[in-house]
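J.: This structure is in structure tokens; I'll ask about it shortly.
Residue numbers (this note's numbering): 305 to 968.
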């Protein structure tokens, strides 16, 4: 990390790095960028918010009678967002060019609670858990009951009220409906028991768990819990058989071209493809799928204001242009066509080009260092692969070790990561409360480039015969070939890494076929156990442990290395394949993490899980996150130029994108 900082200093860029574990506080002393309750804000500043204003484009709609007045669109007590630099100006379009529509994910993060970490803005300070859609909450001493009080008067983007009924709809009619949710996510289970949700009154809900669930609070402010507040009952019930007659539903199915009601419902509930879906976030999608430019427009019922009483967001629209690859996105950034390119713009190797073009392009260059990333690319070796010959190989540790030793991580770091990627196996980020120095010991094994040893191991496996191209052969004469699938755009450093991995594996006689997949298709294939090897990043909430693919309790679309063992575990042995004892041990440790009442106890179990992984190499990390280059237009304001990303908060969310503005 020190080497990384020296490089950035040499190129006159700065990066704030967190090197010590962070402890949590639950109240903010003093005022800084962030969101506050009105009473809290007025007490801290001795200022009164007496008038409420709105964007000109909304004022016009009010005049036309298409919208109610702004005071009627806001909750009883809107949240106040203190801007990063200054009170913003209304209007403008935020232009983004990226290979995938990742920013639609990044810009929707309104949960019951909000996690505010100053480190994400390159600042010092303690993380804060702030009220958001919920105004307050209580937790029982045994961590089994969470009572959450919703903000009164919040409305969906179509004006419908947001109440406890929406949460109950999600729980009873979506989560517990097997046609919509075949597998209950791990964050709503404790051991084998599913949590319960109860409506106390119109603005109060109670979450109850059979066993202690001390990390559920962490879930409520990370993106795992997004479904809880993403299902507007008043809109979606028309597509659900519990609320709509079979005749009426069949008419809709026929007109929409679906054969089953659950397919229709899931499409209508998907904010990425349905512009009619009411939302609670600052901007709502307005274009249908397949458009080269996707447009998002301000939500007229958004529940936050600035200290001057201006309803947020400041920016009217977001225009996301889907380009062919990361190189095209880079060219767009250099030309000044991108206001803030957050993802897939360039790795550290692109810095000289970006810096040289900064004055002409009218932008600043920033570096984003990810607090919660474990690896930029890792190989997930499917232990349940369908091919019997590959399964025998994949389950032999000698083969997995040979793969790890065959890859020159130092060379990959120099070629794609400006020499700043570290070589190590699985270890929690140093800034995480779940990190311990002991984890580095197991993570330092099996990472040095040793093709001689790799070849010896492959020979020991009986793969001594080769074809004329040097590819090893199975006993039946067929070539040893593996399919590696990945989802990162070609041209990005993560997208180019599999190409180099394939070269090194070919050098030791393993033929590699590469296949770039969309995220949705890759998730579908892995859940159906159609894959062999997946090359993908590992990240999650750095402050928590949920969401990491190395946990056996993670959902099957991230558990790329053992989907059938996972299915056996989640179905209590009714489906999938019974796993070996070591996997069952991982499950026991995972349950212990979810139920551990102290951070020390959970850290100890995390360390043991990582040790087992690093010893067995079901997942083979190749590169760590070295940082990414960003461009931010000079007139794109209220954005820090020192950016530290938090993957599980969609990177931008701790920066409060609703207060970004385009300076005229």
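Using N, Cα and C, we set each Cβ at its ideal position, and we do this for glycine too. Computed from a prediction, not measured in an experiment: that's the story for all the values here.
State whether the segment 572-584 contacts the segment 391-402, with contact taken as three or more CB pairs (one from each stretch) at a distance under 8 Å.
T.: no
J.: What does the Cβ neighbour count give for residue 760, buried or exposed, with the cut at 16 atoms within 10 Å?
T.: exposed
J.: Distance, Cα to Cα, residue 341 vs residue 384?
T.: 6 Å
J.: Determine the direct distance from the alpha carbon of residue 376 to that of residue 356, and round the result to whole angstroms.
T.: 11 Å
J.: Run through the DSSP bridge pairs and tell me what residue 811 is partnered with.
T.: BP columns for residue 811 are empty, so no partner.
J.: By Cβ distance below 6 Å, which residues in the same chain neighbour residue 502 in space, the five residues on each side in sequence not counted?
T.: 510
J.: Using C-beta distances below 7 Å, list every residue in its chain close to residue 927, excluding the 5 sequence neighbours before and after it, in chain order.
T.: 679, 680, 681, 713, 716, 717, 721, 725 and 801
J.: Whose C-beta lies closer than 7 Å to the C-beta of residue 507 among residues of the same chain, with five residues either side of it excluded?
T.: 453, 454, 456, 467 and 468
J.: What is the C-beta distance between residue 958 and residue 551, in whole angstroms, given that I count them as a contact (C-beta under 8 Å)?
T.: That belief does not hold up - the Cβ atoms of residue 958 and residue 551 are roughly 48 Å apart, past 8 Å.
J.: At which residue ranges does the segment 634-703 contain complete beta strand (DSSP E) runs of 3 or more residues, listed in the order of the chain?
T.: 644-650, 667-674 and 677-685
J.: Kindly confirm or deny that the segment 472-488 and the segment 620-630 touch, where touching means at least three C-beta pairs closer than 8 Å.
T.: no
J.: Residues in its own chain within less than 8 Å of residue 362 by CB, not counting five upstream and five downstream?
T.: 371, 374, 602, 604 and 615
J.: Straight-line CA distance for residue 683 to residue 917?
T.: 13 Å
J.: Where do the N-terminal and C-terminal ends of the alpha helix (DSSP H) with residue 920 fall, by residue?
T.: 903-920
J.: Whose CA, out of 880, 869, 895 and 896, lies closest to the CA of residue 887?
T.: Checking every option, the nearest Cα to that of residue 887 belongs to 869.
J.: Under 8 Å between the Cβ atoms of residue 816 and residue 838?
T.: no
J.: Residue 358 and residue 352: beta carbons closer than 8 Å?
T.: no
J.: On the DSSP letters alone, give me the boundaries of the beta strand (DSSP E) that residue 440 sits inside.
T.: 438-443
J.: Apply the 10 Å Cβ neighbour rule to residue 901 and answer buried if 16 or more other Cβ atoms are within range, or exposed otherwise.
T.: exposed
J.: Among the residues of its own chain, which have a CB less than 6 Å from the CB of residue 513, if the five just before and after it don't count?
T.: 448, 494 and 499
J.: Can you tell me which of the three DSSP states residue 865 falls into?
T.: Note: residue 865 maps to coil in three-state DSSP.
J.: Starting from residue 345, trace the alpha helix (DSSP H) in both directions and tell me its first and last residue.
T.: 342-349
J.: Secondary structure at residue 338, three-state DSSP: helix, strand or coil?
T.: strand
J.: Could you tell me the boundaries of the beta strand (DSSP E) in which residue 385 lies?
T.: 383-386
J.: Rounded to a whole number of angstroms, what is the C-alpha to C-alpha distance between residue 931 and residue 417?
T.: Between residue 931 and residue 417, the C-alpha separation is close to 28 Å.
J.: Nearest CA to the CA of residue 611: which residue from 874, 670 and 387?
T.: 387
J.: Strictly by DSSP, which residues pair up with residue 927?
T.: 681
J.: For my contact list, residue 415 and residue 530 are in at a C-beta cut-off of 8 Å; report their separation, rounded to the angstrom.
T.: Residue 415 to residue 530, Cβ: 6 Å. Contact.
J.: Count the other CB atoms within 10 Å of the CB of residue 536; is the residue buried (16 or more) or exposed (fewer)?
T.: buried
J.: For residue 382, tell me which candidate among 395, 832 and 435 has the shortest Cα-Cα distance.
T.: Comparing Cα-Cα distances from residue 382 to each of 395, 832 and 435, the minimum goes to 435.
J.: Can you tell me the Cβ-Cβ gap for residue 658 and residue 935, rounded? I've got them flagged as a contact below 8 Å.
T.: 6 Å
J.: Going by alpha carbons, who is nearest to residue 608 out of 906, 380, 915 and 884?
T.: Among 906, 380, 915 and 884, the Cα nearest to that of residue 608 belongs to 380.
J.: Relative to the C-alpha of residue 644, which candidate in 397, 360 and 905 has its C-alpha closest?
T.: 397
J.: Could you confirm whether any beta carbon from chain B is found closer than 8 Å to the beta carbon of residue 872?
T.: Absent from the structure is chain B; it holds one protein chain and no more.
J.: Quick check on DSSP: helix, strand or coil for residue 826?
T.: helix
J.: Given this structure, state the Cα-to-Cα distance separating residue 820 from residue 790, to the nearest angstrom.
T.: 5 Å
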